[in-house]
Amino acid sequence: SAVISQKPSRDICQRGTSLTIQCQVDSQVTMMFWYRQQPGQSLTLIATANQGSEATYESGFVIDKFPISRPNLTFSTLTVSNMSPEDSSIYLCSVDHGAGANVLTFGAGSRLTVL
Amino acid sequence: GNSVTQMEGPVTLSEEAFLTINCTYTATGYPSLFWYVQYPGEGLQLLLKATKADDKGSNKGFEATYRKETTSFHLEKGSVQVSDSAVYFCALRWRDDKIIFGKGTRLHILP
């Protein structure tokens with residue numbers, strides 16, 4: 366299965382600032398998914414990032430707040446813009462395990478705390 | 011739309027007890043079903059999966075059977091260990107669409 370590296374693993378941020386999370390995969394993948402896990406909650410899909418096209422955002426998430434880049438088939442970034450304490454969450458990158466497997470592999474996550 | 015419902019936690023058991031975490035789903039057709047586990051301070055890991063009716067997924071002593079007639083995928087383990095303490099998520103995926111997760115069940119195992 367793919368191995369995913371996420372950076373940073375955790376950070377403490379000030380209100381009103383922005384932070385970019387990086388996701389590096391050790392193999393080429395078509396789709397990369399960004400999820401948010403708020404404290405004590407389940408995972409919510411933010412957007413799907415395809416190389417060479419605009420990311421597809423889920424209801425309740427907008428590009429101005431969560432801009433995503435996907436410059437190649439092994440890398441993506443998610444920026445959390447103009448942060449507020451409500452953005453304190455774990456953000457996870459995930460990719461398809463492999464062709465036909467229908468399984469998602471997840472990175473270890475980036476735990477953000479906004480003060 | 012597709013959805014997953016799993017039992018509320020936390021669930022607290024003594025070591026060597028029998029575990030059941032209930033999961034039911036709503037979906038059209040035959041989605042793939044999953045159990046993911048999140049150990050403290052870590053990301054999600056796939057625990058087991060089943061892709062069609064009557065399939066049984068198993069791993070690390072855990073198992074779950076895809077029951078189309080009851081739209082269920084309950085997680086079971088015959089004898090839990092302290093190291094099984096984690097949050098367990100039931101999930102479904104319809105083809106290449108997004109994965110839909112349940113709310114998670116926190117499991118505490120007491121020595």
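Chains as they are written, first to last, in our numbering: chain E, 366 to 480; chain F, 11 to 121.
Glycine included, every Cβ here is placed at the ideal spot set by N, Cα and C.
8 Å Cβ cut-off: residues of chain E touching residue i
i                 : result
Thr38 of chain F  : Within 8 Å Cβ-Cβ: nothing; Thr38 of chain F doesn't reach chain E, min ~16 Å.
Lys113 of chain F : Gln406 and Ser407
Residue interval of the beta strand (DSSP E) (run including residue i)
i                 : result
Thr22 of chain F  : Val21 to Ser24
Val97 of chain F  : Ala96 to Arg103
Met396 of chain E : Met396 to Gln402
Pro436 of chain E : Ile433 to Asn437
Glu86 of chain F  : Leu85 to Lys87
Lys108 of chain F : First-last for Lys108 of chain F: undefined, no H or E at that position.
Gly67 of chain F  : Lys66 to Asn69
Glu73 of chain F  : Phe72 to Thr75
Thr80 of chain F  : Looking at the DSSP string, Thr80 of chain F is not in any beta strand (DSSP E), and its letter there is neither H nor E.
Ile331 of chain E : Only positions 366 to 480 of chain E appear in this structure, which leaves residue 331 of chain E out of reach.
Gln55 of chain F  : Leu54 to Ala60
Proximal residues of chain E, C-beta to C-beta of residue i below 7 Å
i               : result
Ile4 of chain F : Here chain F comprises residues numbered 11 to 121, so residue 4 of chain F is not present and cannot be evaluated.
Selection from the options that minimises the alpha carbon distance to residue i
i                 : options                                   : result
Gln389 of chain E : E:Val445, E:Leu457 and E:Gln406           : E:Leu457
Arg476 of chain E : E:Tyr400, E:Asn447, E:Asn415 and E:Arg435 : E:Tyr400
Ser366 of chain E : E:Gln393, E:Ile377, E:Arg380 and E:Ser374 : E:Gln393
Asp65 of chain F  : F:Gln48, F:Trp104, F:Ser24 and F:Phe44    : F:Phe44
Thr36 of chain F  : F:Ser13, F:Val90, F:Thr22 and F:Val21     : F:Ser13
Lys87 of chain F  : F:Ala101, F:Arg77 and F:Ser68             : F:Ser68
Thr15 of chain F  : F:Asp106, F:Gly53 and F:Tyr98             : F:Tyr98
Met397 of chain E : E:Pro404, E:Ser424, E:Ala414 and E:Gln387 : E:Ala414
Ala412 of chain E : E:Leu438, E:Asn447, E:Ser454 and E:Leu443 : E:Leu443
Gly53 of chain F  : E:Ile369, E:Ser449 and E:Glu451           : E:Ile369
Gln416 of chain E : E:Leu384, E:Val460, E:Asp391 and E:Asn437 : E:Asn437
His84 of chain F  : F:Leu58, F:Asp94, F:His118 and F:Pro121   : F:Leu58
Gln379 of chain E : E:His462, E:Pro450, E:Phe440 and E:Thr470 : E:Pro450
Within chain F, partners of residue i - CB distance below 8 Å
i                 : result
Gly417 of chain E : Neighbours of Gly417 of chain E on chain F: none; closest Cβ ~17 Å, over 8 Å.
Leu410 of chain E : Lys108 and Ile109
Partner residues on chain E for residue i, Cβ-Cβ distance less than 9 Å
i                : result
Ser42 of chain F : Asn467 and Val468
Glu52 of chain F : Ala473 and Gly474
Within chain F, the residues that residue i reaches when beta carbons sit closer than 7 Å
i                 : result
Ala420 of chain E : None at all; the shortest Cβ gap to chain F is about 13 Å.
Residue i: contacting residues in chain C (beta-carbon distance under 8 Å)
i                 : result
Gly425 of chain E : Of the protein chains in this structure, namely E and F, none is chain C.
Presumed contact (8 Å Cβ cut-off) between residue i and residue j, rounded CB distance
i                 : j                 : result
Val479 of chain E : Ser446 of chain E : Not really, about 12 Å apart at Cβ, beyond 8 Å.
Tyr76 of chain F  : Ala60 of chain F  : 4 Å
- prompt: Which residues, taken in chain order from the region 56-68 of chain F, show a beta carbon closer than 9 Å to some beta carbon of chain E?
  reply: Leu56, Lys59 and Thr61
message: Counting only Cβ-Cβ distances shorter than 8 Å, please list the residues of the region 84-107 of chain F near chain E, keeping chain order.
response: Phe99, Arg103, Arg105 and Asp106
- request: Would you list, in chain order, the members of the region 380-399 of chain E that have their beta-carbon closer than 8 Å to a beta-carbon of chain F?
  value: Met396 and Phe398
query: Of all the residues that make up the region 439-461 of chain E, which are near chain F by a beta-carbon distance shorter than 7 Å?
result: Leu457
query: Can you list, in chain order, the residues of the region 14-33 of chain F whose Cβ is nearer than 8 Å to any Cβ on chain E?
result: none
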